[in-house]
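One structure is given here, and the rest of the page talks about it.
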Amino acid sequence: MKKRYFGKRIMAVTLAGAMMLGMCACGKEKENNISETITEFLKQDETEAEANDDNSKSDNTVYEMYVQDEEAVAADYDMAENSVTGEIYYGESDEYYFGDENFNTNEYNYLEENSWMSVALSPLSTFAADVDTASYSQIRTNITNGYSIDPGMVRIEEMINYFHYDYETPTGDDKFAVHMEYADCPWNKDTQLALVSLNTEKIDFSDAPESNIVFLIDTSGSMFDENKLPLVQQSMCMLAENLTDKDRVSIVTYAGGDEVVLEGAKGSDYYAISSAIEGLEAWGSTNGAAGIETAYEIAEKYFIKGGNNRVILATDGDLNVGVTSESALEQLIIEKKKSGVFLSVIGVGYGNYKDNKLETLADKGNGNYAYIDSIFEAKKALVDDLGANMVTVAKDVKLQVEFNPALVKGYRLIGYENRTMAAEDFNDDTKDGGEMGAGHSVTAIYEIIPADSDMEAPDSDLKYTGNNADSEIYGEGEYNDELFTLRVRYKEPDEDESKLIDFVCKKDAYLKEGSDNLRWAASVAAFGMYMKDSEYMGSTDKKLIISLAESVKDSDKDEYKQEYINLVNEYFEELD
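Residue numbers (this note's numbering): -2 to 573.
Here it is as structure tokens:
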């Protein structure tokens, strides 16, 4: 059975249900008369159907199905009322199913977990910074609604980086502050965990450079549900409230085609911006490529040199007209980002969600990727973290860790599977890294095998390998107290040549149980591994995950961390 989305005709009663419940975006009032709304709505499409002989029969069938009698309308209204709360319609022919997660066309990319690497053979671990958070909020949505977790949905680095940590801020003219430590691994007695963090200074968005923002909003038929376009409208209104006279705002929508709804308005003109957002309606097919082209044209037209030039795409990812494949979209965005305009992506909805396409767009567009499932999440992404998600302070950020074979014989990077890079790409400025905003932090965890551990690391029969080959550098020399060296490459937002900085983690950074930061990240990583049924999760279970989280000081006072603990409990309750 295939999922079918409902256009004007089939979604009429759902619209009426939404109107009755007063669930319109940004507070816009709607009429409450169900019968009149359905009748008028369907009469319009009956006229359209008669104008097209090929479609008139099917359109009339749909019309007759919904206006047979009052009982049919009432029954459909009951379904519509439930759909407003986030349930999904699935159907074929005249039968309709809703709330069944098995009938969906969600798409995720699955990547094999990073495996153990031998320091003797591969001492360098290289990856691009990643500040996306979409994975965690999608997982939260699925657990809350009782849906299963697709392994491709679980990107552990995004789960870890969803939370705020107690890191020191950069000092002086430093671009980043770095924190490194290691401790005993809670799920494997033979290994240790090493934490590496890179964070930027937080700023108030009102003090940020001028912004040239283009809202690119998907208004196709698949965006009709209350947890899609209406949620986007409310979210964009929240963001608009934080803009000022120095900012410029444009709005582009796309469905079967694209439309410029607002162009070059001052950020202080909240009435014009919010009115344009409120007036949007969902209908038609999804030509996202056309919208992207137009949005970049508008962004380039109002480009602010030295400012924050950004397209914010809000969609469920269902691009079905024009350029639709993941690879073709990737090439489109790679070409467009040469303009100096950054692309941020906001995903919404469930049932036809294209996570794979949206992550690709954000990664290749020099932006970040968030998933919004509630006003609570919209506030976090677009108000609380506005500076981090809107003001880029470093682009193409890459991290490279070089392990000392005298102290470490094996390592495994937890997460970042789609961000790992070849060692030689670290020094290649043509290779993309990740973008970091003001107040962003990138946290990564390595599970490492100490040199004196009984656990074996991957090895080979190669002649010229092992600690002897490195003894002149590491063994008994001046570096024998260094666990690893962290190197960071980055570019200024408006430059193309990278800068290099490095930091050293020494043996005295060891804490048996780790800091609050490490224990929290370890809990989240363990939860991610459990949901993925990872072969590396060792003794991970509910007790370990919860105990690590609850051991963090004041975790019960942080609303996001408390929500996480409740979410873990809910997940395991559903498994019982």
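Glycine included, every Cβ here is placed at the ideal spot set by N, Cα and C.
Values in this document were obtained by computation on a predicted structure and should not be read as measured data.
{"Asked": "Integer-rounded CB distance, given that L277 should sit under 8 Å from V398", "Found": "Not quite, the Cβ-Cβ distance comes to about 46 Å (not below 8 Å), so this is no contact."}
{"Asked": "Distance, E290 Cα to M156 Cα", "Found": "32 Å"}
{"Asked": "Simplified DSSP state of A180, which is helix, strand or coil", "Found": "strand"}
{"Asked": "For S232, the first and last residue of its enclosing alpha helix (DSSP H)", "Found": "226 to 237"}
{"Asked": "Where the alpha helix (DSSP H) through N353 begins and ends", "Found": "352 to 361"}
{"Asked": "F569, enclosing alpha helix (DSSP H) - first and last residue", "Found": "556 to 572"}
{"Asked": "Pairwise C-alpha distance: Y507 and G348", "Found": "46 Å"}
{"Asked": "Close-in-space but distant-in-sequence residues of the same chain around D170 (CB under 8 Å, 5 per side omitted)", "Found": "none"}
{"Asked": "E441, enclosing beta strand (DSSP E) - first and last residue", "Found": "Before going on, a small fix: residue 441 reads as Ala here, not Glu. Run containing A441: 438 to 447, per the beta strand (DSSP E) assignment."}
{"Asked": "Straight-line Cα distance separating K488 from L564", "Found": "38 Å"}
{"Asked": "Pairwise C-alpha distance: D429 and G303", "Found": "21 Å"}
{"Asked": "Contact check, I274 vs A325, beta carbons under 9 Å", "Found": "no"}
{"Asked": "Three-pair Cβ contact test at 8 Å for the stretch 512 to 521 versus the stretch 543 to 557", "Found": "yes"}
{"Asked": "Under the three-state DSSP convention, the category A48 falls into", "Found": "In this predicted model, A48 has a pLDDT of only 45, less than 50, meaning its place in the structure is not dependable; the value taken from the coordinates is given anyway. Reduced to three states, the DSSP call for A48 is coil."}
{"Asked": "Beta-carbon contacts of N111 that lie in its chain and below 8 Å, excluding the five residues immediately before and after", "Found": "R409, L410, I411, G412, Y413, E414, T417"}
{"Asked": "L383 beta carbon less than 9 Å from that of F202", "Found": "yes"}
{"Asked": "Residue burial classification, G143 (beta-carbon count within 10 angstroms, cutoff 16)", "Found": "exposed"}
{"Asked": "Neighbourhood of K550 by C-beta, 7 Å cutoff - its chain only, sequence neighbours within 5 removed", "Found": "D513"}
{"Asked": "N465 classed as buried or exposed, judged by whether at least 16 other C-beta atoms fall within 10 angstroms", "Found": "Below a pLDDT of 50, predicted positions are generally treated as unreliable, and N465, at 39, falls in that range; the measurement from the model is reported next regardless. Exposed."}
{"Asked": "CA-to-CA distance, S341 to E492, given in whole angstroms", "Found": "20 Å"}
{"Asked": "Backbone CA spacing between M233 and F124 [nearest angstrom]", "Found": "32 Å"}
{"Asked": "Cβ pair A391, P455 closer than 9 Å", "Found": "no"}
{"Asked": "Rounded separation between K554 and C182 - CA only", "Found": "26 Å"}
{"Asked": "Nearest neighbour of S219, chosen from K351, P167, G264, Y133 [CA to CA]", "Found": "K351"}
{"Asked": "Span separating the alpha-carbon of A117 from that of G281", "Found": "57 Å"}
{"Asked": "Whole-Å CB distance - A180 paired with E444, under 8 Å assumed", "Found": "Contact doesn't hold; Cβ gap of about 11 Å is too wide."}
{"Asked": "Spatially closest choice to F212 from I248, D266, N158, N106, by CA coordinates", "Found": "I248"}
{"Asked": "Distance between V388 and T166 (C-alpha atoms, nearest Å)", "Found": "17 Å"}
{"Asked": "Limits of the unbroken alpha helix (DSSP H) element including A523", "Found": "513 to 529"}
{"Asked": "Of the listed residues Y251, G431, S438, I369, nearest to R137 (C-alpha basis)", "Found": "I369"}
{"Asked": "Distance between beta carbons of L226 and T216, contact taken as under 8 Å", "Found": "6 Å"}
{"Asked": "G412, DSSP secondary structure in three states", "Found": "coil"}
{"Asked": "Sheet register partners of Q397 (DSSP bridge)", "Found": "T123, R484"}
{"Asked": "CA-to-CA distance, A385 to K335, given in whole angstroms", "Found": "22 Å"}
{"Asked": "Other residues of its chain near A292: CB distance less than 6 Å, five sequence neighbours each side excluded", "Found": "V211, L213, V249, V308"}
{"Asked": "For D505 and D129, the rounded distance between their alpha carbons", "Found": "32 Å"}
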